[in-house]
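Taken in order, these protein sequences are the chains called A and B. In my numbering, each residue's number is its place in the first sequence (first place is 1) plus 7. In my numbering, each residue's number is its place in the second sequence (first place is 1) plus 7. The beta-carbon is built from N, C-alpha and C at its ideal position, and this holds for glycine as well. All of these numbers come straight from a predicted model, not from anything done at the bench. A short write-up of the structure that comes next.
2 protein chains.
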Amino acid sequence: MYTISETAEKLGMSAHTLRYYEKEGIIAPQRNEAGIREFDEQHILWLQFVKKMRETQMPVTQIKAYTKLFQEGEHTAGDRLKLLEEHQQYIKDQIETLQATDEMLTKKITAYKKAMKGILN
Amino acid sequence: MYTISETAEKLGMSAHTLRYYEKEGIIAPQRNEAGIREFDEQHILWLQFVKKMRETQMPVTQIKAYTKLFQEGEHTAGDRLKLLEEHQQYIKDQIETLQATDEMLTKKITAYKKAMKGILN
DNA sequence: GTAGACCTTAGAGTGAACTCTAAGTCAAAT
DNA sequence: ATTTGACTTAGAGTTCACTCTAAGGTCTAC
């Protein structure tokens, strides 16, 4: 069992962000008698998944949608699969964009270095 | 010579965005007698570069910094090179993150499909 | 027993990058 | 001549995803 700040530390996000995710319905930690949030290993795993989705630009609204489907039960597996496949397609497109710009930059950087060498000579 | 809306159309961005970029010092189109902006091929090329940088998450402030260095002349080539190299590193890191999550999603998607097939049988 | 560090809440504030509005000018088409 | 549509401006508004504040409660160590 972890407190909010232990969980935040473990995940490299702020306690503020965790409270925000809870308000948005993305996590639902138990509370102890004093009303303090208790995160377990399952929550950590889920948050690691959420973090990966955010790092790859999945909007919080889509993560909410995915979470909601999860809570609705097994019969939503098809819809969840669709969300994951859509996001994977987004990732693949994004990789292509990044690779194209990476190559463009390599050319530009090479040209810069050549030009600067010319100046030093 | 292109008007702002022709330029916007050509680049797939809005005229609003072009005015915003001008206000930020990222472009400086000429004006005709009536005060109307005139974009030429050089502006288009520059904006295509800006667009690629934005698509790969370079912040507008960094693009501004790069533009400013450009305007200051040849002696800033080293600084500009540094900015480009830093952004290229960001891109490479981002590609790695995306690829890792892509693989994770492939596994998750496969698992989903297996589970759903099990249900259909 | 009190200081300090943690936790709680509702709700306000922030920064980035647009995106839009209102009020107005101007040139071309009918 | 007037309507249409594109252009102009300054500045306000929006969306996203946090991020922080204020006011207060509770637990642990000295």
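Look at residue 85/B: its C-beta is under 8 Å from a C-beta on chain A. Interface with chain A (8 Å Cβ-Cβ cutoff): residue 119/B is included.
Annotation for residue 26/A: 11 place their beta carbon closer than 8 Å to its own, counting only its chain and skipping 5 residues before and after.
In the DSSP assignment, no residue is bridged to residue 78/B. Exclusion of the five residues before and after residue 21/B leaves 15 as the residues of its chain whose Cβ lies within less than 7 Å of its Cβ.
For residue 31/B, the secondary structure class from DSSP, reduced to helix, strand or coil, is coil.
Between the stretch 101-109 of chain B and the stretch 72-80 of chain B, the count of Cβ pairs shorter than 8 Å is below three; the stretches do not touch. For residue 37/A, the secondary structure class from DSSP, reduced to helix, strand or coil, is strand.
Closest option to residue 85/B, judged by alpha-carbon separation, among 89/A, 124/A, 31/A: 124/A. Residue 95/A and residue 82/B have their C-alpha atoms roughly 44 Å apart. Cβ contact annotation for residue 54/A (same chain, cutoff 6 Å, sequence separation greater than five): 18, in chain order. A Cβ-Cβ distance of about 5 Å is found for the pair residue 116/B and residue 91/A, placing them in contact under the 8 Å criterion. Against chain B, a Cβ distance below 7 Å from residue 24/A picks out nothing, because the smallest value is about 18 Å. A Cβ-Cβ distance of about 6 Å is found for the pair residue 47/A and residue 8/A, placing them in contact under the 8 Å criterion. The shortest C-alpha to C-alpha distance from residue 64/B to any of 100/B, 32/B, 88/B is the one to 100/B. A straight line joining the alpha-carbon of residue 49/A with that of residue 69/A spans about 20 Å.
Residue 119/B is bridged by DSSP to nothing; it lacks a bridge partner. By the rule that beta-carbons nearer than 8 Å mark a contact, residue 109/B touches chain A.
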